[in-house]
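Numbering (the working numbering), first residue to last: 443 to 679.
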Amino acid sequence: MKIVMIHGQSHKGSTCMVARQLAQKIIKRTGNESELQEFFLPRDFNEPCRGCFTCYQKDLENCPHFKKLQPITDAMLAADLLILASPVYVYHATGQMMNLLDHLGTWWMVHRPKKEMTKKQAVVISTAAGGGMKSTCKDMADSLEMWGIRKIYRLGFGVQATKPEQISEKIKSRIERKTDSLAEKIVANGGKRGMNARGKRFFYLIRFAHLHFEPVEPDFGYWKKQGWHGKERPWRN
């Protein structure tokens, strides 16, 4: 299993600890067949979206930041499992994480989704000293759902600490149990195709719009080339 982990911050705090713990448990269960590749933001991508619409009007490859973005997108498309990990910043994902997701707006179901996403599972992870994990996980899961990811899991922990070494044994035990259980699910669900319910609803909504309203390019042409206006579906082999 190829695992790609994207951290919404460059420091290695409790969110990083949980994400790595989960990844190592998956690797342990799958043996030498698994590999982990990590990206840290903003270290590995620090260009703010300009709002120039080049990606929508042409293609993501025409984005002025694509050269820096491509190592991350190539890894994501090749992965079996995506892990997005962000601490809570004012009840939301970090600006660095959201900036990356902003650059991938054309992957949303309403534009030019990648059929590779239907083979993947994904996890969103968030921690905070207090609250905000639910809204932070939603920030990241929104994109994953609209990319068409097959199965998306959410992990949020209120760790009541600012550093991993300050986390109580009780909370550490809870993290261990949750990551153990999730690692088992991910390994058991590997190698399948499908699409989450929200993504599939939007697929059929946009397909209907393409067939009954004035075409909008380049989205219309992309869908036509994929065969999605006919009988082809991105979640089928």
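We treat Cβ as the ideally placed atom computed from N, Cα and C, and that holds for glycine.
Should residue i be labelled buried (16 or more other beta-carbon atoms within 10 Å of its own) or exposed?
| i | result |
| --- | --- |
| Gln608 | exposed |
| Ala521 | buried |
| Pro676 | buried |
| Gly473 | exposed |
| Thr604 | exposed |
| Asn679 | exposed |
| Leu647 | exposed |
| Ser623 | exposed |
| His453 | exposed |
| Asp516 | exposed |
| Leu519 | exposed |
| Pro513 | exposed |
| Asn504 | exposed |
| Ser615 | exposed |
| Leu653 | exposed |
So for residue i, helix, strand or coil by DSSP?
| i | result |
| --- | --- |
| Thr457 | helix |
| Arg596 | strand |
| Thr569 | strand |
| Ile468 | helix |
| His553 | coil |
| Leu586 | helix |
| His662 | The sequence shown places Phe at residue 662, rather than the His named in the question. Three-state DSSP puts Phe662 in a helix. |
| Met575 | helix |
| Gln602 | coil |
| Tyr533 | coil |
| Ala517 | helix |
| Gln479 | strand |
| Met559 | helix |
| Leu524 | strand |
| Met443 | coil |
| His654 | helix |
Could you check whether residue j and residue i sit closer than 7 Å to each other, using their CB atoms as the reference points?
| i | j | result |
| --- | --- | --- |
| Ile628 | Ile468 | yes |
| Phe644 | Met551 | yes |
| Phe599 | Thr569 | yes |
| Leu406 | Val566 | Outside the displayed span of the chain (443 to 679) sits residue 406, for which this structure offers no information. |
| Met443 | Ala461 | no |
| His545 | Cys491 | yes |
| Leu542 | Phe508 | no |
| Gly574 | Val601 | no |
Among residues of its own chain, excluding the 5 on either side of residue i, which ones have a beta-carbon nearer than 8 Å to its beta-carbon?
| i | result |
| --- | --- |
| Thr548 | Cys497, Tyr498, Asp501, Leu502 and Arg554 |
| Gln668 | Lys557, Glu674 and Pro676 |
Cutting at 6 Å between CB atoms, please list the residues of its own chain near residue i, excluding the five before and the five after it.
| i | result |
| --- | --- |
| Met559 | Trp589, Gly590 and Ile591 |
Starting from the C-beta of residue i, find all residues in its chain whose C-beta is less than 7 Å away, skip the five residues before and the five after it, and write them out in chain order.
| i | result |
| --- | --- |
| Met540 | Asp581 |
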